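Q: Here's a structure for you.
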Amino acid sequence: MTELPAVEVRGLSKRYRRGAIGVRSLREEVEQLVARLRSREAKASLNEFFAIKDITFSVPTGTVCGIIGRNGSGKTTLLKVLTSITAPDEGEAVMRGRIGSLLEVGAGFHPDLDGIENIYLNGAILGMSKAEITRKLDRIIKFADIGSFLETPVKRYSSGMYVRLAFAIAAHLEPEILVVDEVLAVGDAEFQRKCLGTMKNVAGEGRTVLFVSHNMAMVRQHCTKALYLDRGLLKDFGEASSIIDAYLSNTAPSNGSERVGDDDLWMQVAIVHPGTRERCSQLKFGGDYDFVLKLGARNSFHRSVVDIQIFDQEGNLISVLESLAEGVDQFDIVGQAKVVFSVRSLGLLPGTYSAGAALYAWGEDYPDLASENLLTFDVVAATVNDSYWPYQKEHGIVRLSHSAQLLKVD
Numbered sequence: 001m002t003e004l005p006a007v008e009v010r011g012l013s014k015r016y017r018r019g020a021i022g023v024r025s026l027r028e029e030v031e032q033l034v035a036r037l038r039s040r041e042a043k044a045s046l047n048e049f050f051a052i053k054d055i056t057f058s059v060p061t062g063t064v065c066g067i068i069g070r071n072g073s074g075k076t077t078l079l080k081v082l083t084s085i086t087a088p089d090e091g092e093a094v095m096r097g098r099i100g101s102l103l104e105v106g107a108g109f110h111p112d113l114d115g116i117e118n119i120y121l122n123g124a125i126l127g128m129s130k131a132e133i134t135r136k137l138d139r140i141i142k143f144a145d146i147g148s149f150l151e152t153p154v155k156r157y158s159s160g161m162y163v164r165l166a167f168a169i170a171a172h173l174e175p176e177i178l179v180v181d182e183v184l185a186v187g188d189a190e191f192q193r194k195c196l197g198t199m200k201n202v203a204g205e206g207r208t209v210l211f212v213s214h215n216m217a218m219v220r221q222h223c224t225k226a227l228y229l230d231r232g233l234l235k236d237f238g239e240a241s242s243i244i245d246a247y248l249s250n251t252a253p254s255n256g257s258e259r260v261g262d263d264d265l266w267m268q269v270a271i272v273h274p275g276t277r278e279r280c281s282q283l284k285f286g287g288d289y290d291f292v293l294k295l296g297a298r299n300s301f302h303r304s305v306v307d308i309q310i311f312d313q314e315g316n317l318i319s320v321l322e323s324l325a326e327g328v329d330q331f332d333i334v335g336q337a338k339v340v341f342s343v344r345s346l347g348l349l350p351g352t353y354s355a356g357a358a359l360y361a362w363g364e365d366y367p368d369l370a371s372e373n374l375l376t377f378d379v380v381a382a383t384v385n386d387s388y389w390p391y392q393k394e395h396g397i398v399r400l401s402h403s404a405q406l407l408k409v410d
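Under the UniProt record's numbering, the sequence shown has 24 at position 24, and the numbering climbs by one with no breaks.
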């Protein structure tokens with residue numbers, strides 16, 4: 001007998017309306033509802049849009065499935081529908097088994113309860129008895145590793161502590177399906193490794209993991225399947241490596257990035273030659289370039305800190321250009337601002353790379369605006385010691401500035 005998939009989605013759509021909630025009267029709301037019920041052909045309001053539209057896929061039991069796509073592609077909306085936080089407007093989603101979810105920082109916690117109390121609360125929501133939760137309590141506490149803060153109301157937790165406790169609860173209360181959004185980016189590297197190891201163990205036990213991430217190397221390494229969303233539509237679904245390759249080839253314009261964000265807060269990145277000020281999409285190894293991050297805010301955005309991340313084709317983080325580390329103190333964005341990172345003697349070896357960026361308010365763990373795939377660029381070979389021998393991929397990714405000399409051995 002063929003085993004039914006753990007996750008089965010058919011024709012799933014979710015519609016939202018732009019603008020403020022409650023801008024129309026109750027009568028207008030009822031009239032629009034009646035119009036929709038009378039005719040399937042009735043046109044939706046111009047203010048409405050589909051966050052996800054006509055999504056169909058299935059995930060076998062025991063699979064780690066990565067969900068990828070640019071910001072605003074519908075990843076979080078899909079997870080909210082799958083976990084019954086949000087009801088779909090069309091289609092259906094069947095989740096076969098108990099669900100443990102980690103979607104938004106602080107979601108599922110009662111702010112006035114302490115860490116221990118929230119462990120029991122989440123277990124009860126999953127349908128577990130107090131005795132079952134107590135048996136797993138020590139493992140959850142050890143994994144979360146937040147010490148005495150377990151006895152502190154969670155409203156006083158940092159974002160990192162929220163995520164530590166939330167993942168420990170979600171993973172150790174043994175759901176059949178574990179759903180994880182990109183909130184793992186809040187945790188430190190050691191904690192991320194613990195989480196990824198736990199996700200692998202969960203799949204090894206025959207349970208299913210749905211995992212949203214912008215880190216393509218992480219998805220490639222830990223996921224067997226991947227689902228690629230683009231502007232609310234299912235672009236592709238299949239083996240993780242091939243889906244990631246398709247995503248990397250289809251996203252991120254060259255030469256200069258599109259503006260990401262919205263009218264309230266946005267950013268874009270370009271690479272320019274410091275002499276000519278022309279935009280570049282093909283860089284020369286050893287050359288000089290300016291990475292320009294342009295920012296805009298409708299209202300003033302205070303105490304800003306920014307960085308630009310450089311990734312290789314596999315999604316591995318190669319380097320980070322940080323404003324604060326380079327002497328640009330926290331700053332205010334009033335209208336528009338520009339931060340220029342001057343890179344001299346570019347050490348990236350020939351290949352294709354992508355650039356992302358993040359904007360933080362000083363002191364916050366989680367960025368207010370971030371994208372890991374704003375633009376792509378190529379680095380081409382340079383000559384070495386007046387020869388035409390170029391550095392190739394087998395020589396690594398980055399060339400460290402160095403010299404060499406031959407010394408006589410006495």
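The C-beta atom is built at its ideal place from N, Cα and C for all residues, glycine as well.
Here the structure is a predicted model, which means the values were calculated and not measured.
Between the beta-carbon of A203 and the beta-carbon of G363, is there less than 9 Å?
A: Annotated as distal: A203 and G363, with beta-carbon spacing of 9 Å or more.
Q: What is the C-beta distance between M89 and R15, in whole angstroms, given that I count them as a contact (C-beta under 8 Å)?
A: The sequence given here has Asp at residue 89, not Met. Indeed they touch by this definition, with Cβ atoms about 5 Å apart.
Q: Between which residues of its own chain and V212 is the CB-CB distance below 6 Å, once the five residues before and five after are set aside?
A: I67, K75, D181 and E182
Q: Using CA atoms only, rank isn't needed, just tell me which of V163, A355, V409 and Y162 is closest to L317.
A: Out of V163, A355, V409 and Y162, A355 has the C-alpha closest to the C-alpha of L317.
Q: So, helix, strand or coil for Y157, using DSSP?
A: coil
Q: Which ranges does the alpha helix (DSSP H) cover as unbroken runs of at least 4 residues, wholly within the region 74-113, from first to last along the chain?
A: 75-82
Q: Quick check: the region 329-345 against the region 227-244, are at least 3 beta-carbon pairs closer than 8 Å?
A: Between the region 227-244 and the region 329-345 there are fewer than three C-beta pairs closer than 8 Å, too few to call the two in contact.
Q: According to the Cβ coordinates, are S345 and G275 closer than 9 Å?
A: no
Q: Might you give, ordered along the chain, the residues of its own chain that have their beta carbon closer than 8 Å to the beta carbon of A361, omitting 5 neighbours on each side?
A: If you ignore the 5 residues before and after A361, its C-beta comes within less than 8 Å of the C-beta of F301, H302, R303, S304, V305 and D368, all in its own chain and listed in chain order.
Q: Can you look up I133 in the DSSP assignment and give me helix, strand or coil?
A: helix
Q: Can you tell me whether K194 is helix, strand or coil according to DSSP?
A: helix
Q: Among residues of its own chain, excluding the 5 on either side of Q405, which ones have a beta-carbon nearer than 7 Å to its beta-carbon?
A: none
Q: Consult DSSP for I397 and reduce its assignment to one of helix, strand or coil.
A: Looking at I397 - three-state DSSP - the assignment turns out to be coil, as it is neither helix nor strand.
Q: So, A144 versus F109, is the Cβ gap smaller than 9 Å?
A: no
Q: With I177 as the anchor, note down where its beta strand (DSSP E) starts and where it stops.
A: I177 to V180
Q: Hey, quick one: how far does the beta strand (DSSP E) through Y228 stretch, first residue to last?
A: K225 to D230
Q: Considering only residues of the same chain and omitting the five flanking positions on each side of residue 442, which have a CB-CB separation below 6 Å?
A: Within the shown structure, residues of the chain are numbered from 1 to 410, placing residue 442 beyond reach of any answer.
Q: Run through the DSSP bridge pairs and tell me what R279 is partnered with.
A: Beta-bridge pairing links R279 to V272.
Q: I'd like to know whether the C-beta atoms of V154 and E92 end up nearer to each other than 9 Å.
A: No.
Q: Would you please verify whether the beta carbon of V9 is less than 9 Å from any beta carbon of chain C?
A: The chain labelled as chain C is not found in the depicted structure, where only one protein chain is given.
Q: Drop a sphere of 10 angstroms on the beta-carbon of R135, count the other beta-carbons inside from all chains shown, and report buried for 16 or more, exposed for fewer.
A: exposed
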